[in-house]
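Beneath this line is the structure, given in structure tokens, with notes to follow.
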Amino acid sequence: INAIVPAVAFILSTLTAPLFKKWWLRRK
440 INAIVPAVAF
450 ILSTLTAPLF
460 KKWWLRRK
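Quick note, the sequence shown lines up with residues 440 to 467 if you use the working numbering.
See the structure below:
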């Protein structure tokens, strides 16, 4: 389980990074 948690967190961060960036740029 200790190896799965960082992997899931990394995948989520990789998937949400572009969306957050688009939201941030659209916000300005």
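Think of the CB as a built atom: it goes at the ideal place given N, C-alpha and C, for glycine as much as any other residue.
- DSSP, reduced to helix, strand and coil, places Ala442 outside both helices and strands of the structure shown, so it counts as coil.
- It is roughly 10 Å from the alpha-carbon of Ala446 to the alpha-carbon of Ser452.
- In the three-state scheme derived from DSSP, where H, G and I count as helix and E and B as strand, Lys461 is classed as helix.
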